[in-house]
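Here the structure is laid out as structure tokens; the discussion comes afterwards.
2 protein chains.
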Amino acid sequence: MNKIADPIEFARALADHTRQEIMKMCCCEWRSVGELAGELEVTQPTVSHHLAFLREANLVHVRPEGRQTFYMLNQDTVASCCGDLMLNYAPDIREPA
Amino acid sequence: MNKIADPIEFARALADHTRQEIMKMCCCEWRSVGELAGELEVTQPTVSHHLAFLREANLVHVRPEGRQTFYMLNQDTVASCCGDLMLNYAPDIREPA
DNA sequence: GTAACATATAGACGAGCATCTATGAATAAG
DNA sequence: CTTATTCATAGATGCTCGTCTATATGTTAC
């Protein structure tokens with residue numbers, strides 16, 4: 001049973017610079033926590049904290065492997081939430097031909 | 101000269117229940133501040149505060165008229181920001197046929 | 001088992017935010 | 001001009017959040 005995408009939780013996930021950086025970094029490939037922390041200017045616990053948030057929001061896939069944990073962005077959730085936002089807040093906009 | 105849509109500011113605008121309610125209420129029609137405050141469970145200054153935020157984010161159109169001020173959601177900004185989010189965070193999702 | 005490594009959790013702290021009350025500014029009505 | 005109405009602004013307050021350090025948990029290597 002999939003978690004229902006809450007529009008406010010989705011927006012809150014995006015409403016932070018570090019979290020958006022994390023999402024970009026693991027958008028299209030699996031990334032370990034250490035990799036993420038290494039390229040960001042925050043500590044490892046801070047990265048773990050943000051990853052927990054993204055996990056709660058169903059915005060990342062998780063794959064534990066040995067002593068590392070790999071994360072990858074859940075693009076389906078992003079697309080679903082963006083679609084809902086469009087339906088709610090841009091119903092009169094139509095796709096360019 | 102149009103303000104550039106900042107994805108974090110856009111997300112922060114959506115990351116609050118009251119602001120999402122306001123956006124829904126003035127999505128497709130002009131609404132005065134009094135109307136909005138009347139239907140929401142917050143005070144008029146709180147509504148004005150949120151409208152100022154949405155104004156800064158270029159998310160509403162404003163039309164002063166006498167002693168009232170009418171607001172309407174700027175759907176173009178919403179669509180533009182959602183499009184950017186899709187490009188950044190859901191590049192592998194393709195439209196259903 | 002012990003040591004080293006990778007991640008998660010706990011607790012603390014400071015900044016930011018959503019809300020309120022009180023008040024200012026602008027407009028309409030009398 | 002005075003009063004009433006509508007909205008915006010200022011200041012205060014309590015709560016949330018992002019970050020840190022310290023530590024716990026789990027895993028691999030020896």
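Chains as they are written, first to last, in the working numbering: chain A, 1 to 97; chain B, 101 to 197. The beta carbon of each residue, even a glycine, is placed where N, CA and C say it ideally should be.
- Chain order gives the chain B residues near A:ASP92 as CYS128, GLN175, where near means a beta carbon separation below 8 angstroms.
- Within chain B, no residue has its CB atom less than 8 angstroms from the CB of A:MET25, the nearest being about 11 angstroms off.
- For B:ALA111, the chain A residues whose C-beta falls within less than 7 angstroms of its own C-beta are ALA11, LEU14, ALA15, listed in chain order.
- Residue pairing by DSSP places A:PHE70 opposite A:SER32, A:ARG63 in a beta bridge.
- Within the same chain, MET125, PHE170, TYR171, MET172 come within 8 angstroms of B:ARG131 by CB-CB distance, once the 5 residues on both sides are set aside.
- Per DSSP, B:LEU140 lies in no alpha helix (DSSP H) segment and is marked neither H nor E.
- Approximately 16 angstroms separates the beta-carbon atoms of A:LEU14 and B:PRO191; this is outside 8 angstroms, ruling out the contact.
- If you check the CB distance, B:MET186 and A:ALA37 do not come in under 8 angstroms.
- For B:ILE108, the enclosing alpha helix (DSSP H) begins and ends at 107-114.
- Scanning chain B for C-beta atoms nearer than 8 angstroms to the C-beta of A:MET72 yields nothing, as the closest lies near 11 angstroms away.
- For A:VAL60, the closest of A:ASN88, A:ASP84, A:SER48 by C-alpha to C-alpha distance is A:SER48.
- CA-to-CA, the gap between A:LEU40 and A:ARG63 works out to about 21 angstroms.
- Among the residues of chain A, those whose CB is under 8 angstroms from the CB of B:LEU185 are LEU14, VAL78, CYS82, following chain order.
- Around the beta carbon of B:CYS182, a 10 Å sphere encloses 16 or more other beta carbons of the protein chains shown; the residue is thus reported as buried.
- Comparing alpha-carbon positions, the option among B:LEU151, B:GLU135, B:GLU165, B:VAL142 lying closest to B:ASN174 turns out to be B:LEU151.
- From the beta-carbon of A:ILE22, no residue of chain B is found nearer than 8 angstroms; the closest lies around 11 angstroms away.
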